[in-house]
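Colleague: Can you keep this structure in mind? I'll have questions shortly.
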Amino acid sequence: MATVAPPSPSPSSAGPPREQFNLLRWLRQNLFNSRLNTLLTVVALYLVYSVLSVALTWAFTEAEWGVIASNLKLLMVGQYPTDQVWRVWLCVVIVCILLGLSWGIWPDVVGLVGPTYGGALLLLAVLPTAAYGLPNRIWMVVCGALIFAGWQVGRRFGAVQRFQNGVSIAWVAMLPLVLLLLSGFEPLLPGIP
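If you're matching positions, the sequence shown starts at -9 in my numbering and goes up one per residue.
Dropping the structure here:
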């Protein structure tokens, strides 16, 4: 029995050859293609250098970072009652679940936000500092894991329109739910029952 080889694509149907990326060509075409663009690029680079050099010098030589560690709770939750901080973490859990689901459903829209926040939470949980405490580390690991778990669920069910609609509605409903959780289910506006 004779086997038939698949037809080879003709040169015209293969499409144009792909150009290899050239950084210098890209810079010339996008940043230095006119006198005005060259001037704007040089001015922008000077401004970025000026700001970064001052900020990095301050951050590494003059800043008193011990103040941050000693006042971390105040900076994170303000004067929220210590025995009620679980409400704040529950709000963060809700946002992390929705962020993970959105990352799985709409990866082009959410982009790197999901993996950045998930990775940052997991990294902060394992940093060797006494400023966090074990309960906060556990919450950070749970929230980071929920982002990645939500991503998996979003990838699996993201093609279903009803699932997409549900996640969109959940984002809209999240704000009033978070406000109710943080207020302890008391009226948000005084004098209005």
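Backbone N, C-alpha and C fix where the C-beta goes; we use that ideal spot for every residue, glycine too.
What you are looking at is a predicted structure, and each value in this text was computed from that prediction instead of being measured.
Grab me the residues of Asn27's own chain with a C-beta within less than 7 angstroms of its C-beta, minus the 5 sequence neighbours each way, in chain order.
Modeller: On the sequence shown, residue 27 is found 37 positions in, with the first residue counted as 1. Hits under 7 angstroms: Leu21.
Colleague: Quick one: what does DSSP say Gln10 is sitting in, helix, strand or coil?
Modeller: Here residue 10 refers to the residue found at position 20 when the sequence shown is read from its first residue. Note: Gln10 maps to coil in three-state DSSP.
Colleague: Quick one: give me the first and last residue of the alpha helix (DSSP H) that Asp98 is part of.
Modeller: Position 108 of the sequence shown, counted from the first residue, corresponds to residue 98. Unbroken alpha helix (DSSP H) run through Asp98: Pro97 to Val100.
Colleague: Helix, strand or coil for Glu54, going by three-state DSSP, please let me know.
Modeller: By one-based count along the sequence shown, residue 54 stands at place 64. Three-state DSSP puts Glu54 in coil, outside helix and strand.
Colleague: Spatial neighbours of Val184 within its chain, please: C-beta separation below 7 angstroms, excluding the five flanking residues on both sides.
Modeller: The structure shown has nothing for residue 184, since the chain only spans -9 to 183.
Colleague: Can you name the start and end residues of the alpha helix (DSSP H) that Trp161 belongs to?
Modeller: As a position in the sequence shown, residue 161 is number 171, starting the count at 1. From DSSP, the alpha helix (DSSP H) with Trp161 extends over Gln151 to Ser173.
Colleague: When the Cα of Asn155 is compared with those of Val38, Asn12 and Ile95, which residue comes out closest?
Modeller: The sequence position of residue 155 within the sequence shown is 165, counting from 1. That would be Ile95, whose Cα lies nearest to the Cα of Asn155.
Colleague: Shortest alpha-carbon distance to Ala115 belongs to which of Leu165, Lys63, Cys133 and Asp73?
Modeller: Translated into positions along the sequence shown, residue 115 becomes position 125. Comparing Cα-Cα distances from Ala115 to each of Leu165, Lys63, Cys133 and Asp73, the minimum goes to Cys133.
Colleague: Val33: buried (16+ other C-beta within 10 angstroms of its C-beta) or exposed?
Modeller: Sequence index remark: in the sequence shown, residue 33 carries index 43 (1-based). The residue in question, Val33, is exposed, as its Cβ has fewer than 16 Cβ neighbours within 10 Å.
Colleague: Of all the options Leu172, Val103 and Leu88, which has the alpha carbon lying nearest to the alpha carbon of Phe153?
Modeller: On the sequence shown, residue 153 is found 163 positions in, with the first residue counted as 1. Measuring from the Cα of Phe153, the nearest candidate turns out to be Leu88.
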